[in-house]
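Asker: Got a structure for you, written out below as structure tokens; questions coming shortly.
Numbering (the working numbering), first residue to last: 329 to 592.
Here it is, written out as structure tokens:
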């Protein structure tokens, strides 16, 4: 009887893309997996989780996946003689082709398959042309959905840029943006440093970036979070002269920025 026991792991994940609001909370995923395993008489050993991590998170240079819960699960597959990974949907495991390939390779090394509750016939070993087609279509729909969301966000940012509003991204040195906010405010300390960089460049046009950075350090100026006033910071400041004068540029769109200029 013991030989018929099917050992499985569960895996749950929510990303930073608001999936909790869409009904994919960790608790709901856990409940569905436990219910499914009970109906199949699977021996559910453990449910691993990643919270606030994108399914597309991978290091392309090192060809590795950067999700602690998933890695812990993969590392212990042999130890418990796991046969299946049970998930609500395959998109809990991957959102990019790179992660999918790496994950499939690791599971196949350990003779493990996937059981997706929303796709009962899914298998990483399937050779049925119809199954390959259907599985591929589901994954393409996921890609399409993400692309559609990205395009909507991009269009919204472009329209905001046309109106001179802050379209997102890191606030340039000299400004700050309240968390979740959409408006830039002058950071008085950083703004003085920006003005001083342009004063030095105007007074001594032949000064190199290194000369300016050394001069700024000698005068006690600091970069963001107390970092040294380095050459790259000087370059970024000088490259944004028009921005500091109130001309906002985003995605090729130029407009009068809805923020206080630092340079006259």
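For glycine and all other residues, C-beta sits at the position ideal for the given N, C-alpha and C. The structure displayed is predicted, hence computed values, not measured ones.
With a Cβ-Cβ cutoff of 8 Å, do residue 593 and residue 415 count as a contact?
Answerer: Summary: the structure shown does not reach residue 593, with the chain confined to residues 329 through 592, and so no result is reported for it.
Asker: Using a Cβ distance threshold of 8 Å, determine whether the region 513-521 contacts the region 535-543, with at least three qualifying pairs required.
Answerer: Because the criterion of three Cβ pairs below 8 Å is not met, the region 513-521 and the region 535-543 do not touch.
Asker: For residue 593, collect the residues of the same chain with a Cβ closer than 8 Å to its Cβ; drop the 5 residues on either side in sequence, then sort them by chain order.
Answerer: The chain is shown only over 329 to 592; residue 593 falls outside these bounds and no answer can be derived.
Asker: Throw me the rounded Cβ distance for the residue 443 and residue 412 pair, which I believe falls under 8 Å.
Answerer: Approximately 5 Å separates the beta-carbon atoms of residue 443 and residue 412; this is inside 8 Å, confirming the contact.
Asker: Are the Cβ atoms of residue 526 and residue 545 separated by less than 8 Å?
Answerer: no
Asker: DSSP state of residue 587, grouped into three classes?
Answerer: coil
Asker: What residue range does the alpha helix (DSSP H) around residue 572 cover?
Answerer: 569-572
Asker: Is the distance from the Cβ of residue 378 to the Cβ of residue 358 below 8 Å?
Answerer: no
Asker: Decide if residue 457 is buried, meaning its Cβ has at least 16 other Cβ atoms within 10 Å, or exposed.
Answerer: By the neighbour-count rule (16 or more Cβ atoms within 10 Å), residue 457 is not buried but exposed.
Asker: Does any residue of chain D bring its CB to less than 8 Å from the CB of residue 549?
Answerer: The structure shown contains no chain D; it is built from a single protein chain.
Asker: Excluding the 5 residues flanking residue 406 on each side, which residues of the same chain have their C-beta closer than 8 Å to its C-beta?
Answerer: 438
Asker: Once DSSP output is grouped into helix, strand and coil, what is the label at residue 545?
Answerer: Looking at residue 545 - three-state DSSP - the assignment turns out to be helix.
Asker: Give every residue of the same chain whose Cβ lies closer than 7 Å to the Cβ of residue 364, excluding the five residues on either side of it in the sequence, and list them in chain order.
Answerer: 414 and 445
Asker: So what does DSSP say about residue 409, is it helix, strand or coil?
Answerer: coil
Asker: Could you pull out every residue in the same chain whose Cβ sits closer than 7 Å to the Cβ of residue 504, ignoring the five residues on either side in sequence?
Answerer: 513 and 515
Asker: Could you tell me the alpha carbon to alpha carbon distance between residue 356 and residue 483, rounded to whole angstroms?
Answerer: 33 Å
Asker: For residue 502, which option in 561, 447, 453 and 367 has the closest C-alpha, if you only look at C-alpha atoms?
Answerer: 561
Asker: On the premise that residue 408 lies in contact with residue 373, defined as a C-beta separation below 8 Å, what is that separation, rounded to the nearest angstrom?
Answerer: So it is a contact: roughly 5 Å between Cβ atoms.
Asker: Which of the three DSSP states is assigned to residue 341 in this structure?
Answerer: strand
Asker: For residue 569, which option in 472, 447, 559 and 523 has the closest C-alpha, if you only look at C-alpha atoms?
Answerer: 523
Asker: Would you kindly report the start and end of the unbroken beta strand (DSSP E) that includes residue 443?
Answerer: 441-444
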